[in-house]
Amino acid sequence: MAKCDQGYLCEVCGQAVPGITDSDLYLRYVIGRVEIAALHREPERHLHCNPVLSQFIVDDKFPPVSVEGDFSKQYMDDEARRREEELVTRGWQRLKEVGRLGLSVPEYPLPGL
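In the numbering used here, the protein residues as written are 103 to 215.
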């Protein structure tokens, strides 16, 4: 099977990432941490396979994620943690919107980024 026929496989668990709302890659793109030209080169992960990022999603529709050790958000300054939670949560909520709104990939990023 050609790589393009396999879809996006998670670099952590090796399983397919079934949708954009489960995608660490597209969340990083939407919040401005991956450029559009790099989408095909950057690794893909399920959000639950990248808890360091997904711990910042604070939404009743997303199961809370906790991280032990140095990368836990509990060790961050309150203001920095609040800003990261706001950005990553807005990004995840945007991923939920893009399909419903019929946006093209260049339109996915959060407005104003």
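All C-beta atoms, glycine included, are put in the ideal place defined by N, C-alpha and C.
Just so it is clear, the structure is predicted and the values come from calculations on it, not from any experiment.
Distance, residue j Cα to residue i Cα
{"i": "residue 168", "j": "residue 115", "result": "19 Å"}
{"i": "residue 106", "j": "residue 180", "result": "Per-residue confidence for residue 106 stands at a pLDDT of 44, beneath the threshold of 50, marking its modelled position as unreliable; the derived number appears in the next sentence. Roughly 42 Å between the two C-alpha positions."}
{"i": "residue 145", "j": "residue 191", "result": "21 Å"}
{"i": "residue 214", "j": "residue 117", "result": "33 Å"}
{"i": "residue 183", "j": "residue 175", "result": "6 Å"}
{"i": "residue 170", "j": "residue 177", "result": "10 Å"}
{"i": "residue 103", "j": "residue 163", "result": "Any reading at residue 103 needs caution, since the residue's pLDDT is 31, under 50, leaving its predicted position unreliable; the model's value is listed next. Cα-Cα distance, rounded: 35 Å."}
{"i": "residue 204", "j": "residue 135", "result": "22 Å"}
{"i": "residue 195", "j": "residue 165", "result": "14 Å"}
Proximal residues to residue i (C-beta, below 6 Å), its chain only, five neighbours per side dropped
{"i": "residue 173", "result": "154"}
{"i": "residue 143", "result": "none"}
{"i": "residue 156", "result": "149 and 167"}
{"i": "residue 125", "result": "119"}
{"i": "residue 189", "result": "133"}
Counterpart residues of residue i in DSSP-defined beta bridges
{"i": "residue 111", "result": "118"}
{"i": "residue 148", "result": "125"}
Close beta carbons around residue i, own chain, < 8 Å, minus the five adjacent residues each side
{"i": "residue 138", "result": "131, 207 and 208"}
{"i": "residue 111", "result": "117, 118, 119 and 146"}
{"i": "residue 152", "result": "114 and 126"}
Residue burial classification, residue i (beta-carbon count within 10 angstroms, cutoff 16)
{"i": "residue 193", "result": "buried"}
{"i": "residue 147", "result": "buried"}
{"i": "residue 210", "result": "buried"}
Close Cβ partners of residue i (< 7 Å) along its chain, the five nearest in sequence each way excluded
{"i": "residue 122", "result": "128, 197, 200 and 201"}
{"i": "residue 187", "result": "158 and 160"}
Short CB-CB distance (under 7 Å) between residue i and chain C
{"i": "residue 164", "result": "The structure shown contains no chain C; it holds only a single protein chain."}
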